[in-house]
Amino acid sequence: MNTLSQADAAAAALRNAAALDAAVFNGDGLLPAVIQQWDTHEVLMLGWMNRTALERTLVEGRVTFWSRSRQEYWTKGDTSGHVQYVKSAALDCDSDTLLVQVDQVGVACHTGTRTCFDGRDLVVTVGTRPEETA
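Read in order, the letters of the sequence shown correspond to residues 10 to 143 in this note's numbering.
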C-alpha cells in the first residue's frame with residue numbers, strides 16, 4: 010500500500026479539493042467516468058459519479074460510482090469481487106468527463122465480459138487519411 014508523509018498527504022488533499030471544485034457535473038449532479046485498464050489501455054466501462062463518489066474514488070483507491078437506477082453508491086467489486094484499483098485519474102480539457110485508469114480484477118461488465126464493449130461492434134465505414142489512398 011502507498012503511504013504518504015503528512016506533507017504529501019496534505020498536498021494530495023489540496024489537489025483533490027481543487028479537482029473536486031474544478032469538476033463540471035451535469036444537471037443531475039453527475040460526471041461521466043471512463044474506466045480504462047492502466048497497462049493495456051482497454052476501455053472497460055463508463056460509469057457515473059457525483060461529487061461524493063468522485064471524492065471516495067480519489068481518497069479510497071477503489072472506484073465508486075453513483076447508480077442512476079438504484080439511486081445509491083456502489084464500489085466496483087464489493088459484491089462481485091471484480092475490483093477496480095485506481096492507478097490514476099484525470100479530468101478532460103473541459104473538466105466535464107473523468108478518465109480513471111485502474112487495475113481491473115476479473116471482468117468489468119455485469120454481463121461477465123472483460124469490458125462493457127466486448128462483442129458490441131457496430132458496422133461503420135472506415136475512414137482513411139488522404140495519404141493512405143494515394
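Note that the Cβ used here is the ideal one computed from N, Cα and C, for glycine as well. Note that this is a predicted model, so its numbers are computed, not measured.
- Tell me whether Q80 is buried or exposed, calling it buried when 16 or more other Cβ atoms sit within 10 Å of its Cβ. In the sequence shown, residue 80 corresponds to position 71, counting from 1. Under this definition Q80 is an exposed residue.
- Message: Which same chain residues end up closer than 8 Å to V114 when comparing Cβ atoms and leaving out the 5 residues on each side of it in sequence?
- Response: What you label residue 114 is simply residue 105 of the sequence shown in a count that begins at 1. G86, G90, H91, V92, Q93, Y94.
- Those residues which DSSP pairs with V111 across a bridge: On the sequence shown, residue 111 is found 102 positions in, with the first residue counted as 1. In the DSSP output, where bridge partners are listed per residue, V111 has Q46, V95.
- Query: Whose C-alpha, out of D48, G121, V111, is nearest the C-alpha of E69?
  - Reply: Sequence index remark: in the sequence shown, residue 69 carries index 60 (1-based). The candidate whose alpha carbon is nearest that of E69 is V111.
- Message: Across the segment 127–134 and the segment 57–75, are there enough close Cβ pairs to call them in contact, namely three or more that are closer than 8 Å?
- Response: In short, these stretches do not touch, since the Cβ pair count stays below three.
- Task: Check L39 in the structure and name its three-state DSSP category.
- Result: Along the sequence shown, read from residue 1 onward, the residue named residue 39 stands at position 30. Looking at L39 - three-state DSSP - the assignment turns out to be coil, as it is neither helix nor strand.
- Query: Less than 9 Å separating the beta-carbons of A3 and L100?
  - Reply: Given a span of 10 to 143 for the chain in the structure shown, any question on residue 3 remains unanswerable.
- Message: Given this structure, state the Cα-to-Cα distance separating T88 from W75, to the nearest angstrom.
- Response: Taking the first residue of the sequence shown as position 1, residue 88 is located at position 79. Taking the first residue of the sequence shown as position 1, residue 75 is located at position 66. Their Cα atoms are separated by approximately 15 Å.
- Query: Taking buried to mean at least 16 other C-beta atoms within 10 Å of its own C-beta, is A42 buried or exposed?
  - Reply: Within the sequence shown, numbered from 1, the residue matching residue 42 stands at position 33. Counting Cβ neighbours within 10 Å, A42 comes out buried, since at least 16 surround it.
- Query: beta strand (DSSP E) containing T122: first to last residue?
  - Reply: Numbered from 1 along the sequence shown, position 113 holds the residue referred to as residue 122. It is not in any beta strand (DSSP E) - T122 carries neither H nor E in the DSSP assignment.
- Item | Reduced DSSP category for V68 - H, G, I as helix; E, B as strand; rest coil | Within the sequence shown, numbered from 1, the residue matching residue 68 stands at position 59. Residue state, collapsed to three classes: helix.
- Item | Residue interval of the alpha helix (DSSP H) (run including T142) | In the sequence shown, counting from the first residue as 1, residue 142 sits at position 133. T142 -> alpha helix (DSSP H) spans 139–142.
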